[in-house]
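Asker:
Protein chains in written order, with the numbering used here: chain E, 128 to 318; chain C, 128 to 318.
(1) Throw me the rounded Cβ distance for the residue 298 (chain E) and residue 273 (chain E) pair, which I believe falls under 8 angstroms.
(2) Starting from residue 241 (chain E), find everything on chain C with Cβ-Cβ shorter than 9 angstroms and list it in chain order.
(3) Have a look at C:161, C:223 and C:149 and flag the residue whose alpha-carbon is nearest the alpha-carbon of residue 261 (chain C).
(4) How about residue 201 (chain C): is its C-beta nearer than 8 angstroms to some C-beta of chain E?
(5) Restricting to Cα atoms, I'd like to know which of C:227, C:316, C:236 and C:229 is closest to residue 271 (chain C).
(6) How would you list, in chain order, the residues of chain E whose beta-carbon sits under 9 angstroms from the beta-carbon of residue 238 (chain C)?
(7) Are the beta-carbon atoms belonging to residue 179 (chain E) and residue 202 (chain E) less than 8 angstroms from one another?
(8) Are the stretch 139 to 149 of chain E and the stretch 157 to 173 of chain E touching by the rule of at least three beta carbon pairs closer than 8 angstroms?
(9) Is the CB of residue 234 (chain C) under 8 angstroms away from at least one CB in chain E?
(10) Below 8 angstroms on the Cβ atoms is my contact criterion, and I expect residue 250 (chain C) with residue 264 (chain C) to pass it. Report the Cβ-Cβ distance as a whole number of Å.
(11) How many angstroms separate the CA atom of residue 158 (chain E) from the CA atom of residue 191 (chain E)?
(12) Less than 7 angstroms between C-beta atoms, sequence neighbours within five positions excluded: which residues of the same chain meet that for residue 296 (chain E)?
(13) Taking beta-carbon pairs under 7 angstroms, can you tell me which members of the stretch 165 to 194 of chain C lie near chain E?
(14) Does residue 313 (chain E) have its Cβ less than 8 angstroms from a Cβ in chain C?
(15) Can you tell me where the alpha helix (DSSP H) holding residue 183 (chain C) begins and where it ends?
(16) Can you round the beta-carbon distance between residue 257 (chain E) and residue 289 (chain E) to whole angstroms, since I take them to be within the 8 angstroms contact cut?
(17) Could you list which residues in chain C have their beta carbon closer than 9 angstroms to that of residue 204 (chain E), in chain order?
(18) In chain order, what residues of the same chain have a beta carbon less than 8 angstroms from the beta carbon of residue 176 (chain E), not counting five sequence neighbours either side?
(19) I'd like the span of the beta strand (DSSP E) that includes residue 304 (chain E), first residue to last.
(20) Could you tell me if residue 136 (chain C) is buried or exposed, where buried requires 16 or more neighbouring beta carbons within 10 angstroms of its beta carbon?
(21) So that I know if they touch, is there some Cβ in chain E lying closer than 8 angstroms to that of residue 270 (chain C)?
(22) Would you mind stating whether residue 188 (chain C) and residue 252 (chain C) have Cβ atoms separated by less than 8 angstroms?
(23) Can you look up residue 154 (chain C) in the DSSP assignment and give me helix, strand or coil?
(24) Please specify which runs of the alpha helix (DSSP H), each continuous and at least 4 residues long, are wholly inside the stretch 230 to 308 of chain C, giving them in chain order.
(25) With a threshold of 16 other CB atoms inside 10 Å of the CB of residue 162 (chain C), please say whether the residue is buried or exposed.
(26) Excluding the five sequence neighbours on either side, which residues of its own chain have a C-beta within less than 8 angstroms of the C-beta of residue 219 (chain C), listed in chain order?
(27) Kindly say whether residue 197 (chain E), judged by its beta-carbon, lies nearer than 8 angstroms to any beta-carbon of chain C.
(28) In whole angstroms, give me the CA-to-CA distance for residue 151 (chain E) and residue 128 (chain C).
(29) For residue 168 (chain C), which option in C:269, C:259, C:316 and C:281 has the closest C-alpha, if you only look at C-alpha atoms?
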């Protein structure tokens, strides 16, 4: 998605060789028009697969997941939570998700009422790095008996291997900007 | 907003006398069409005030804040973060926010690059209870030199007093459903 790649080159910042900071337009301050366009692109890429629910993890995946749900005809959107709030009294499906960026392991949960065998799920997230978050969400779908068709990632860091791992699990993976290197403070795309 | 009140009566659940659970359509599973309508209603209620930025707190305020930003002409949306991720290297504005529901105190931050004297800010959140979250966001606006014009809350629990506190600070407060009591498992609105 050229609009996105241009924006990453203009406003993205490399931190070391692993982290791309895009918080001026994607995951702290949000360019709503850009994210709406991202939602329309995911809707196009995952059309015809029978998707009837969008699943993401709080918090930074929510804007693009919302935009995708809207672009696919106002599908229900579920965001997995990272802790158990005390208002969540019913049973939950859970998975562990490691964040390499933050050096943490989160317990990610979805209420059992909101995911089940009737659901054909598309995962949406802002970043695809090692694939830990998406693997955790796919695991939650399996536990719920839901079909998980794929992952739409806004930015993939290809050199961290997540897409390959997810494709081996049978997921269709579509990333709107695929980064091959962040070495020497320079952002390189795969095409 | 009648559509919202009807939905709360249909799908909301009381937990004790203080907590209204709406996670089937508002803050875990999201009814995207309803949230889009909520965004349009906030855009109508806060029109003509010169708002040029929407501010919320992760995570459950993000969908309605995004919808409002979109309905107001794709304004930039900023969501305050509850912890400092290691990709946030620049200076931040911060405030403490107590959650009565969760029994926690969060350190809420906004990067200094994304809020400043040129901004006229509208706060959006899913719930208004004691007003702690909105007060924290208003404090962050003051620290940034930004003008904070008001708060749009999807659901206000009037008996917890937050709206009155915020109005005394000079904020315009608009809540789309105002609840006066959750006693005996019965949801009562103020009109």
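A virtual CB, placed ideally from N, CA and C, is assigned to each residue, including glycine.
Answerer: Walking through what the data contain:
(1) Your pair residue 298 (chain E) and residue 273 (chain E) does not check out as a contact, with CB atoms roughly 13 angstroms apart and the cut at 8 angstroms.
(2) Going along chain C in sequence order, the residues near residue 241 (chain E) (Cβ under 9 angstroms) are 150, 151, 155 and 156.
(3) Cα-wise, what sits closest to residue 261 (chain C) is C:223.
(4) Yes, residue 201 (chain C) lies at the interface with chain E (some Cβ there is under 8 angstroms from its Cβ).
(5) When only C-alpha atoms are compared, the closest one is C:236.
(6) Ordered by position in chain E, the residues that pass the 9 angstroms Cβ test against residue 238 (chain C) are 150, 151, 155 and 156.
(7) It is a contact, given that the beta carbons lie within the stated cut-off.
(8) Segment contact: the stretch 139 to 149 of chain E against the stretch 157 to 173 of chain E, fewer than three CB-CB distances shorter than 8 angstroms; contact not assigned.
(9) At a cut-off of 8 angstroms between C-beta atoms, residue 234 (chain C) does not count as an interface residue with respect to chain E.
(10) So it is a contact: roughly 5 angstroms between Cβ atoms.
(11) Whole-angstrom Cα-Cα distance: 11 angstroms.
(12) Setting aside the 5 residues that flank it on each side, residue 296 (chain E) is surrounded in the same chain by 265, each with a C-beta closer than 7 angstroms to its C-beta; the list follows chain order.
(13) Flagged, chain order: 185, 186, 189, 190 and 193.
(14) With 8 angstroms as the cut-off, residue 313 (chain E) does not count as an interface residue toward chain C.
(15) Per DSSP, residue 183 (chain C) is not a residue of any alpha helix (DSSP H); the beta strand (DSSP E) it occupies stretches across 180 to 184.
(16) The Cβ separation is near 5 angstroms, so the contact holds.
(17) Here the neighbours are 156, 157, 158, 159, 162 and 190.
(18) These residues qualify, in order along the chain: 247, 249, 276, 277 and 299.
(19) Following the DSSP letters along the chain, one finds residue 304 (chain E) inside the beta strand (DSSP E) bounded by residues 299 to 308.
(20) Classification for residue 136 (chain C): exposed.
(21) For residue 270 (chain C), the answer is no, since every Cβ of chain E falls outside 8 angstroms of its Cβ.
(22) In this structure, residue 188 (chain C) lies near residue 252 (chain C), with their beta-carbon atoms less than 8 angstroms apart.
(23) Here residue 154 (chain C) sits in coil by DSSP.
(24) Here the runs fully enclosed are 259 to 271 and 289 to 295.
(25) Label assigned to residue 162 (chain C): buried.
(26) Same-chain partners within the cutoff: 211, 236, 237, 238 and 239.
(27) Using beta-carbon distances, residue 197 (chain E) counts as an interface residue toward chain C, with a partner under 8 angstroms.
(28) One Cα belongs to residue 151 (chain E), the other to residue 128 (chain C), and the distance between them is close to 33 angstroms.
(29) Cα-wise, what sits closest to residue 168 (chain C) is C:281.
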